[in-house]
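Peer 1: One structure follows; several queries about it will come next.
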Amino acid sequence: MNEYEIMLLTRTDLEDTARTAVVDRAREAVTSHGGTWGEVAEWGRKKTSYPIQKLTEAHYQVLEFDGTGETVDEAVRVLRITDGVLRVMATNRVPAYPEGAREALERVSDEEFAAGPKDRGRGRGGPRGGGGGRGRDRD
Numbered sequence: 010m011n012e013y014e015i016m017l018l019t020r021t022d023l024e025d026t027a028r029t030a031v032v033d034r035a036r037e038a039v040t041s042h043g044g045t046w047g048e049v050a051e052w053g054r055k056k057t058s059y060p061i062q063k064l065t066e067a068h069y070q071v072l073e074f075d076g077t078g079e080t081v082d083e084a085v086r087v088l089r090i091t092d093g094v095l096r097v098m099a100t101n102r103v104p105a106y107p108e109g110a111r112e113a114l115e116r117v118s119d120e121e122f123a124a125g126p127k128d129r130g131r132g133r134g135g136p137r138g139g140g141g142g143r144g145r146d147r148d
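So my numbering is basically just the index in the sequence shown, starting at one, shifted up by 9.
Shown next, in the form of structure tokens:
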């Protein structure tokens, strides 16, 4: 099973009970197809980047769950045919840091981090500049 999340945008004129009914329909679709339900993050009412169905604000929610590809497809299908839903976007949920990356970052000292990559310098004389004083003058 993979971890997924769905970004759900609903109309702002929906009542709280109607909004929870939309989430309950998604939960039923996930659990009926062998998935396990996670948490629901309420982001609240926010302005959209562009008008969606002539609306400039929507209520944002993030639904987290585990399941298979069929589970995601069914949840998205159910949400898209539900009244009051403006947009649905499902993605794989990935950890903030890959395995072992956090420990590697903690081993780097502040001086090494400030110095940047070891191969950073004046250039190596390749065809696109930085080599041997040839090319245009820089003042």
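Using N, Cα and C, we set each Cβ at its ideal position, and we do this for glycine too.
Using a Cβ-Cβ cutoff of less than 8 Å, which residues in the same chain neighbour Ile-61 once the five nearest sequence positions on both sides are dropped?
Peer 2: Numbered from 1 along the sequence shown, position 52 holds the residue referred to as residue 61. Only Leu-18, Ala-67, Leu-95 and Arg-96 meet the Cβ criterion.
Peer 1: If you follow the beta strand (DSSP E) that Ala-67 is in, where does it begin and where does it stop?
Peer 2: Taking the first residue of the sequence shown as position 1, residue 67 is located at position 58. 64 to 76 is the span of the beta strand (DSSP E), which, as asked, contains Ala-67.
Peer 1: Given 8 Å as the limit, is there contact between the stretch 13 to 28 and the stretch 69 to 81, that is, 3 or more CB pairs closer than that?
Peer 2: Yes: at least three Cβ pairs fall under 8 Å.
Peer 1: Measuring straight from C-alpha to C-alpha, what distance separates Glu-51 and Arg-36?
Peer 2: Position 42 of the sequence shown holds residue 51. Position 27 of the sequence shown holds residue 36. Going from the Cα of Glu-51 to the Cα of Arg-36 covers about 15 Å.
Peer 1: Does DSSP put Thr-19 in a helix, in a strand, or in coil?
Peer 2: In the sequence shown, the residue the question calls residue 19 occupies position 10. In the structure shown, Thr-19 sits in a strand (DSSP, three-state: E or B).
Peer 1: How would you label Ala-84, buried or exposed, when you count the other beta carbons within 10 angstroms and need 16 or more for buried?
Peer 2: Locating residue 84 in the sequence shown gives position 75, counting from the first residue. Label assigned to Ala-84: buried.
Peer 1: From what residue to what residue does the beta strand (DSSP E) around Ser-58 run?
Peer 2: Counting from one through the sequence shown, the residue named residue 58 turns up at place 49. Its beta strand (DSSP E) spans residues 45 to 61.
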